[in-house]
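Q: Chains as they are written, first to last, in our numbering: chain A, 601 to 1032; chain B, 9 to 1010.
Would you mind keeping the following structure in view while I ask a few things?
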Amino acid sequence: MKNILYIALCLVSYPLFSQETMHPSPAQSKKIVITGGTLHIGNGQVISGNIIIEKGKLKIDMNAPALTGDIEHIDATGKHIYPGIIAPNTNLGLVEVSSTKSTLDNVELGDIHPNIRSIVAYNTDSKIINTLRTNGVLFAQIVPSGGLIPGTSTVVQLDAWNWEDAAYALDNGVHLTMPALINRPSFMSSRRRDADVDQVKLGLERIDLARSFFKEAQAYLNEKTHAATNLKYEACKGLFDRSKSLYVNCDLVKEMLAAIHLAAEFDFKLVIVGGTDSWMIGDILKEKKVAVILAEPHSLPATDDDAVDQPYKTGAMLQKAGVLFTICQDGSDGYTQQRNLAFQAGTMAAYGLTKEEALQAITLNAAKILGIDSRTGSLENGKNANLVICHGDLLDMKSSVLTHAFIQGRAINLDNKHSQLFERYKYKYSIK
Amino acid sequence: MKLNLLYGLTLTFLVCFSASFAQTTYPANDVATPRSGYYAFINAKIYKDAKIIINSATLIIKQGKIESVGINLPLPKDAIIIDCKGKSIYPSFIDIYSDYGMNQVQPSMTTYRSPSQMLSNTKGPYAWNQALKTEVLHVKNFNVNDARAKEYRKLGFGSVLTHQLDGISRGVGLLTTLAKEKENMVILKEKASAHFSFDKGSSTQDYPNSLMGSIALLRQHFLDANWYKTKPSQEGLNLTLQSFNDNAGLPQIFEVSDKWSVFRANKIANEFGVQYIFKAGGNEYQRIDEVKAIKASFILPVNFPQAMEVEDPNDARFVNVSDLKHWELAPTNPAAFEKAGISFALTANGLKDISQFMPNLKKAIQNGLSEEKALEALTTIPASLLGVSNSVGSLEAGKWANFLITNGPIFADKTVLIENWIQGSAYGISTDAKMELAGKYKFTLGNQSAQLSVTGETGIYKAQLFGKDTLTVEFNQKDQLINLIYTSKADQGKKTRLSGDFLGNSMLGTGTLGNGEWVSWQANLEANADTVSNKKRPTKSEELGSVVFPFNGYGQKTIPKSETILIKNTTVWTNEKSGVLKDSDVLIKNGKIAAIGKGLKDPTARVVNGVGKHVTAGIIDEHSHVAATGGINECSQSVTAEVRITDVIDPEDMDMYRQLSGGVTSSHILHGSCNTVGGQTQLLKFRWGQTAEGLKFANWDPFIKFALGENVKRSYNPSNPRFPDTRMGVEQVLTDAFTRARDYEKEGPGKRIDLELEALVEILNHKRFITCHSYVQSEINAMMKVADKFGFTVNTFTHILEGYKVADKMKAHGASASTFSDWWNYKMEVVDAIPQNAFLMQKNGVNVAINSDDAEMARHLNHEAAKSIKYAGMSEEDALKMVTLNPAKMLHVADRVGSIKEGKDADLVIWSDHPLSIYAKSEKTIVDGAVVFDREVDAKLQVDLKKEKQRLIQKMIGAKKGGASTRPMTPSFREENMCEDDHGHGKSLWDRISQRMILTEN
């Protein structure tokens, strides 16, 4: 049985291409009809139906569609169809080999620079991107990460020739790294080794710095013309008109409360990133309508006293509290591990979420949080045809094998460097 | 009667700095003033020692020593008589752990990024290692420091054992009194003790940079010293080794900071046939049975943790319940030793503020330490531990006249230490308390008289005048000078202020009346005050938490025991020929798998319904760094085969429990990968709650960690000059190590036993096996060629992310592979890592395991294994074997674990679902038939933990309100070990916070 699945994977790999010759797919020309699959809509619903893709948009047809004319028919009988997974808060395309400095483009010098834009450094030819697509990740939010205000992020689709092609929601997030509001063992302080320093007070001073910056920007933006242009203030415009969200990287309750108050002061749209202890303030997050991009569920509990499975069940606790949330993998090597997002969601399903809720977390919820849900995130009529076809359960590595994936209706190549090296050595060892 | 005491004491103050003992080599800048220092203390309650107490007794001292002690002794005519009625005399205390009179030590501030220092900076014919200061005779650097002596004397100490607290082998301590005299006169024993620790202190040398390195260095020191007895010409003169042998007859004192290090040091003691006296860490009560079993003596600190500021719940959340519990229970440590019958002395060492000694000791007494034992632990026991009972520690003829005069039982709250006599000279401690003022006096002021009643005791005297009216008098005392203030009606509310001197039973003075007129006054004692009753302090009956095993939030009062368990009607993944059995039973008995089949019965068994569940063998992690402490890398040299993970197991690491919740039952704990030949490894079974010895997998073939590639050539630290710097050099390090080992083996009898080479010889002789961190195909190939050349097989390549490129060669060599499922691209040597690696190696006939090297990932190794199904189409049974049977084979323990077979160890997991499914959770994890993780029990433990934490936080806040000193909240912190430091997972909260701090520079 497993071998059959495995052969299915081989059929969709394209031995003609190497990593260097694999190319993005051209715009959809033919109408695509997918029949017989189980549709996991991404909003909690599961239905049996057919999908018709035209001009990059999808439509669900509950009746048997005509399979005549110049169409491409995919029989998905026995397979499962899901919205493409969205990977928020990643340095994909900015970091290639994390230990090797010349391959790093994610941390800029300086402290406050919202004007820094990730998209211009996004490398569409990163070897990592294709390994994510193979596991169903079709979108990513590319986030810079240096300083108090590291810069502005863009959501990209993962099948592009260059960053302009890739941009799906351009420059729609500004990021803030919350200073830690906890006293730490002195050896953990990077600069101030003096044990007497009140680290929390230092952190609060840093928050004040951000607050002053936003106040100045606000005042500056109240006036339309300026003798001297300030690029940093200009970059905040979207925060004040709410066309951009403020993403605040923080974990502890006090840090999240500070973020909520900071955002409220300027009426910013707030998203908490990290949110290790968000399970402790689900009611507040819900009431303040704050969304959370949760750090990877496959984490150790924050303290020795926490339940051993706390990070696994945090998602379920947020769901129960009515908080809009998704997950990310934002360790310094997060970009390679994004391919496990579906399995991280699977773990949340083992610890309290339903499978469909877990799926929604990494698809529709992520789209809502990133402001792209009108175009993608679920298999709903009129949305971009961003979807994957899978043997078995997308969230369970035991059976998850993708046979097809579409971005904006384009069937994308599911090959990658790894399957190519695999082929190379199967050849060496005469393995069929 | 009071007069005598006061008079006598005052006299001794005058002369105490000029005690003279016949002739000296020092010329006097005066006329000769010989004196005998002859005193008789009469009417005292004398504690000859903690057990022998004589009332109305006499102590006679002469020339600094005790002449006699007893009742009705004839009083020498030329002795000064001091009446001690109402006073008690105790032997002065002895602190046998101090650095009194020593220079301060600057701890080394080096880090792994500091410039390298391969050899010792100490010049001279000494050891190669700067942390070995065996030859130092601290008496040579000793200076009387009266400021510090005074602090000790205030506490009642008369003598201390002192040495500079620095280094691993610290040299020879001296016993000195705390008298303010020339060094010549105060030193009682110039070579009194030899000192050791695991802390390299001020040494700036690279080696050792880990606890296991310290242990190896000390073991090698023993061996080298023994070898040096043969006067080997190739060593020349080595005063460090010579001193080690010279010091062998001294009491050997070993300082540790934690209960587990007691056992670590004791293992060395057993290996080399010595007996250590342990300067303890203070948390030994948590393992008192095991501590008792080693039959050693201890020196206990009373530096109990301060309460923390835990009012803010969001802060308090980060203080682990184990730290809160320790705060509560630390003061029970001495009592636990007493109850267990373990011999111990007490020390003021470790207190930031030494004046806290007595308050903390009293806390220990409130927590069950008997006063008698406390006194012994400060007098006779330390004296006997040092073998100086014939000169100090008790009040007997011929011993030094080191004693204390108090006004009551020494540990009673209100008792005041009046004088501390050392070598026959008095040091006044509480001069106010020299005299007792309480009593009824006839008071005369001008021509008026009244009765003056003074009550209370030193510091809190109260007085009243009974005349026409009863007046309350404000009573101030400084030594013998007194000051009385009162307001009388006659003076229309104006104050009468009197000043005077007190002597014996009379007050005499002048003062001013309310109208400003001067007047003389006096008061003469008519009746003594009633004797102050020294009531027994009520022992607190407050609630104390329990000691749990292990001592953290998920420990229990009793360690789970092996049970007879029958798992019914379940799916059994046997990993044997029988494959996956549906609807079958498994019977566990006496820690073993007793039977597998259908319809099994055992009336004594606890029956577990297995319907819908799956049972597999416990997961075995071939590559882990949990449960080890003090550093998992000894980085200082390219070859450190002598260091051993087995020496540094941390049996309380929460990661073990967390991993049990993911089905891990055995784990191979490795040295890190920062050098080519790392250290010896240790296979554990996660018997949660046991000691380090209890966790070890019995009778396994020993292994050692090797490493190749970027980490060992230090690609990330270009400033470090350690050889090698390339993979070419790594191959030569290996070749050189084995060449030296082969030559060493051939050396004849009498050779220097070298722990590093011994381990390498074991490899050559197929008695020790290698697990080798490796990535790229060139280095894998080179390692195998070296092994071939020296005639052994590389047992396991671990990580081995390019193993798929040379799988055929690995098969031919006979190596196993232990790899990650899907990590890649985090450094240059893993850019070609692929998730089909395990499958390709397996297809070539290599025995393949999936490992974690990560405390988090180890919690779902079954899922990591399942990725080979996804990426390469591996069969489910083969995938499961990669985390059970295959690592068991790799570690040579497949005869006992790794599959479900009758007679094998009952190390099993009951899963809620298909074991390779992401939805599978361990419901019960069983080791040797004991259920060490149970999801239902875990839920209960969480409830208990919450309650206990709440209780302790309330108590801590209460203690602060009650006046206890506090410190700011410090989060409980424990580092997660990983050999791939540069992997940067961000998998714990502190990793995330560190990351943010680096990014925001705060």
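In this text, a Cβ means the ideal position worked out from N, Cα and C, and glycines have one as well.
1. Give, in chain order, every residue of the stretch 946 to 968 of chain A whose Cβ lies closer than 7 Å to some Cβ of chain B.
2. Between the stretch 812 to 830 of chain B and the stretch 773 to 790 of chain B, are three or more C-beta pairs nearer than 8 Å?
3. Quick one: which chain A residues come within Cβ less than 8 Å of Met836 (chain B)?
4. If I measure Cβ to Cβ from Asn532 (chain B) and keep anything under 7 Å in the same chain, skipping five residues before and after, which residues do I get?
5. Please compile the residues from chain B whose C-beta is within a distance smaller than 7 Å of the C-beta of Arg907 (chain A).
6. Alpha carbon to alpha carbon, how far is Val619 (chain B) from Thr579 (chain B)? Give it in angstroms, no decimals.
7. Can you check DSSP and say which residues form a bridge with Gly517 (chain B)?
8. Since I believe Met898 (chain B) is in contact with Glu718 (chain B) (beta carbons under 8 Å), could you give me their beta-carbon distance rounded to a whole number of angstroms?
9. For a quick check, are the C-beta atoms of Phe629 (chain B) and Ser681 (chain B) less than 8 Å apart?
10. Rounded C-beta distance between Ser1011 (chain B) and Leu412 (chain B)? I'm assuming under 8 Å.
11. For Glu336 (chain B) versus Leu552 (chain B), is the C-beta spacing smaller than 8 Å?
12. Determine the DSSP secondary structure at Tyr469 (chain B), reduced to helix, strand or coil.
13. If I measure Cβ to Cβ from Glu872 (chain B) and keep anything under 8 Å in the same chain, skipping five residues before and after, which residues do I get?
14. Leaving out five residues on either side along the sequence, give the residues of the same chain with a beta carbon under 7 Å from the beta carbon of Ala471 (chain B).
15. Would you report the Cα separation of Ile261 (chain B) and Asn410 (chain B), rounded to the nearest angstrom?
16. Within a Cβ cutoff of 6 Å, which residues of the same chain sit near Tyr833 (chain A), ignoring the five residues on either side of it in sequence?
17. Would the stretch 200 to 210 of chain B and the stretch 156 to 173 of chain B be scored as touching if the rule is three or more Cβ pairs under 8 Å?
18. Quick check on this structure: which residue in B:Glu584, B:Asn536, B:Val634 and B:Glu764 has the alpha carbon closest to the alpha carbon of Thr648 (chain B)?
19. Would Trp429 (chain B) be called buried (16 or more neighbouring beta carbons within 10 Å of its own) or exposed?
20. Between the Cα of Ala795 (chain B) and those of B:Val741, B:Ser177, B:Val113 and B:Ile1006, spot the shortest distance and give me the residue it belongs to.
21. For Phe813 (chain A), decide whether its Cβ has a neighbour in chain B, counting only Cβ atoms nearer than 8 Å.
22. Taking beta-carbon pairs under 7 Å, can you tell me which members of the stretch 729 to 742 of chain A lie near chain B?
23. By Cβ distance, which residues of its chain are closer than 7 Å to Leu924 (chain A), with the 5 residues on each side in sequence left out?
24. In chain order, what residues of the same chain have a beta carbon less than 6 Å from the beta carbon of Leu959 (chain A), not counting five sequence neighbours either side?
25. Leaving out five residues on either side along the sequence, give the residues of the same chain with a beta carbon under 6 Å from the beta carbon of Val769 (chain B).
26. From Leu781 (chain A) to Phe866 (chain A), what does the alpha carbon distance come to, in whole angstroms?
27. Does DSSP put Phe847 (chain B) in a helix, a strand or coil?
28. Roughly how many angstroms separate the alpha carbons of Glu885 (chain B) and Trp581 (chain B), rounded to a whole number?
29. If we ignore side chains and look at the alpha-carbon of each, how far apart do Lys590 (chain B) and Asn577 (chain B) end up?
30. For the beta strand (DSSP E) holding Lys600 (chain B), just list the boundary residues, first then last.
31. Which residues, taken in chain order from the stretch 280 to 302 of chain B, show a beta carbon closer than 9 Å to some beta carbon of chain A?
32. Compare the Cα-Cα distances from Val901 (chain B) to each of B:Val917, B:Leu691 and B:Ala767 and report the closest residue.
33. Please report the straight-line C-alpha distance between Leu608 (chain B) and Lys817 (chain B), rounded to a whole angstrom.
34. Under 8 Å: do the stretch 914 to 932 of chain B and the stretch 650 to 661 of chain B share three or more Cβ pairs, one atom per stretch?
35. Where does the unbroken alpha helix (DSSP H) through Tyr951 (chain A) begin, and where does it stop?
36. Let me know the alpha helix (DSSP H) ranges lying completely inside the stretch 775 to 842 of chain B, each 4 residues or longer, listed in chain order.
A: A quick look at the data gives this:
1. Contact annotation: in the stretch 946 to 968 of chain A, residues whose CB is within less than 7 Å of a CB in chain B are Gly946, Thr947, Ala949 and Ala950.
2. Under the three-pair Cβ rule at 8 Å, the stretch 812 to 830 of chain B counts as touching the stretch 773 to 790 of chain B.
3. Working through the second sequence from its first residue, we reach residue 836 (chain B) at position 828. The contacting residues are Val697, Ser699 and Thr700.
4. As a working note, residue 532 (chain B) is residue 524 in the second sequence. Counting only Cβ-Cβ distances below 7 Å, and skipping sequence neighbours, we find Tyr449, Lys450, Asn513 and Ser514.
5. Locating residue 907 (chain A) in the first sequence gives position 307, counting from the first residue. Contrary to the premise, residue 907 (chain A) reads as Ala rather than Arg in this sequence. Result: Gln950.
6. Counted from its first residue, the second sequence places residue 579 (chain B) at position 571. Counted from its first residue, the second sequence places residue 619 (chain B) at position 611. Their backbone Cα atoms lie some 8 Å apart in a straight line.
7. On the second sequence, residue 517 (chain B) is found 509 positions in, with the first residue counted as 1. The partner list for Gly517 (chain B) (beta bridge, DSSP) reads B:Gly508 and B:Trp529.
8. Stepping through the second sequence from its first residue, residue 718 (chain B) is reached at position 710. Stepping through the second sequence from its first residue, residue 898 (chain B) is reached at position 890. For a cut-off of 8 Å, the C-beta gap from Glu718 (chain B) to Met898 (chain B) is around 24 Å, too long to register as a contact.
9. In the second sequence, the residue the question calls residue 629 (chain B) occupies position 621. In the second sequence, the residue the question calls residue 681 (chain B) occupies position 673. Checking the displayed sequence, the identity of residue 629 (chain B) turns out to be Asp instead of Phe. No. Outside cutoff.
10. Chain B is shown from 9 up to 1010; residue 1011 (chain B) falls before or after that span and cannot be answered.
11. The count along the second sequence starts at 1 and reaches residue 336 (chain B) at position 328. The count along the second sequence starts at 1 and reaches residue 552 (chain B) at position 544. Going by C-beta atoms, Glu336 (chain B) is nearer than 8 Å to Leu552 (chain B).
12. Here the question's residue 469 (chain B) lines up with position 461 in the second sequence. Tyr469 (chain B) falls in the coil class under three-state DSSP.
13. Residue numbering aside, residue 872 (chain B) sits at position 864 when the second sequence is read from its first letter. Cβ-Cβ distances below 8 Å link Glu872 (chain B) to Phe828, Ser829, Asp830, Ile858, Ser860, Met865 and Val891 in the same chain, with the five nearest sequence neighbours on each side left out; the list follows chain order.
14. Walking along the second sequence from the start, residue 471 (chain B) turns up at place 463. Result list for Ala471 (chain B): Leu460, Ser461, Val462, Val481, Phe483 and Leu492, in chain order.
15. Within the second sequence, residue 261 (chain B) is the residue found at index 253, counting from 1. Within the second sequence, residue 410 (chain B) is the residue found at index 402, counting from 1. About 24 Å.
16. By one-based count along the first sequence, residue 833 (chain A) stands at place 233. Counting only Cβ-Cβ distances below 6 Å, and skipping sequence neighbours, we find Ala817 and Tyr820.
17. With the cut-off at 8 Å, the stretch 200 to 210 of chain B and the stretch 156 to 173 of chain B touch.
18. Position 640 of the second sequence, counted from the start, is the residue given in the question as residue 648 (chain B). Nearest to Thr648 (chain B) by alpha-carbon distance, out of B:Glu584, B:Asn536, B:Val634 and B:Glu764, is B:Glu764.
19. The residue labelled residue 429 (chain B) in the question sits at position 421 within the second sequence. The C-beta of Trp429 (chain B) has 16 or more other C-beta atoms within 10 Å across all chains shown, which makes the residue buried.
20. If you number the second sequence from 1, residue 795 (chain B) lands on position 787. Nearest C-alpha to Ala795 (chain B): B:Val741.
21. Position 213 of the first sequence, counting from 1, holds the residue named residue 813 (chain A). No, no contact with chain B.
22. Contacts with chain B (Cβ-Cβ distance below 7 Å) from the stretch 729 to 742 of chain A involve no residue at all.
23. Counting from one through the first sequence, the residue named residue 924 (chain A) turns up at place 324. Excluding positions up to five away in sequence, the list reads Ala891, Asn965, Lys968 and Ile969.
24. As a position in the first sequence, residue 959 (chain A) is number 359, starting the count at 1. The residues are His640.
25. Within the second sequence, residue 769 (chain B) is the residue found at index 761, counting from 1. Spatial neighbours of Val769 (chain B) in its own chain (CB-CB distance under 6 Å, excluding positions within 5 residues in sequence) are listed in chain order as Ala749 and Glu753.
26. Taking the first sequence and counting its residues from 1, the one referred to as residue 781 (chain A) is at position 181. Taking the first sequence and counting its residues from 1, the one referred to as residue 866 (chain A) is at position 266. Answer to the nearest angstrom: the Cα atoms are 21 Å apart.
27. Along the second sequence, one-based indexing puts residue 847 (chain B) at 839. Helix at Phe847 (chain B).
28. Here residue 885 (chain B) is taken as the residue at index 877 of the second sequence, counted from 1. Here residue 581 (chain B) is taken as the residue at index 573 of the second sequence, counted from 1. When rounded, the distance between both Cα atoms is 8 Å.
29. For the purposes of this step, residue 590 (chain B) is identified with residue 582 of the second sequence, where counting begins at 1. For the purposes of this step, residue 577 (chain B) is identified with residue 569 of the second sequence, where counting begins at 1. Approximately 8 Å, taken between the alpha carbons.
30. For the purposes of this step, residue 600 (chain B) is taken as the residue at position 592 of the second sequence. Note, Lys600 (chain B): beta strand (DSSP E), Lys600 to Gly605.
31. Going along the stretch 280 to 302 of chain B in chain order, one finds no residue with a Cβ nearer than 9 Å to chain A.
32. Taking the first residue of the second sequence as position 1, residue 901 (chain B) is located at position 893. For Val901 (chain B), the nearest C-alpha among the options comes from B:Leu691.
33. Against the second sequence, residue 608 (chain B) aligns to sequence position 600. Against the second sequence, residue 817 (chain B) aligns to sequence position 809. Computed Cα separation, rounded: 47 Å.
34. The way I'd put it, the stretch 914 to 932 of chain B doesn't touch the stretch 650 to 661 of chain B; fewer than three beta-carbon pairs between them come closer than 8 Å.
35. Residue mapping note: residue 951 (chain A) aligns to position 351 of the first sequence, counting from 1. Premise fails: Tyr951 (chain A) is in no alpha helix (DSSP H) and is neither H nor E.
36. Segments of the alpha helix (DSSP H) lying fully in the stretch 775 to 842 of chain B: 785 to 798 and 815 to 821.
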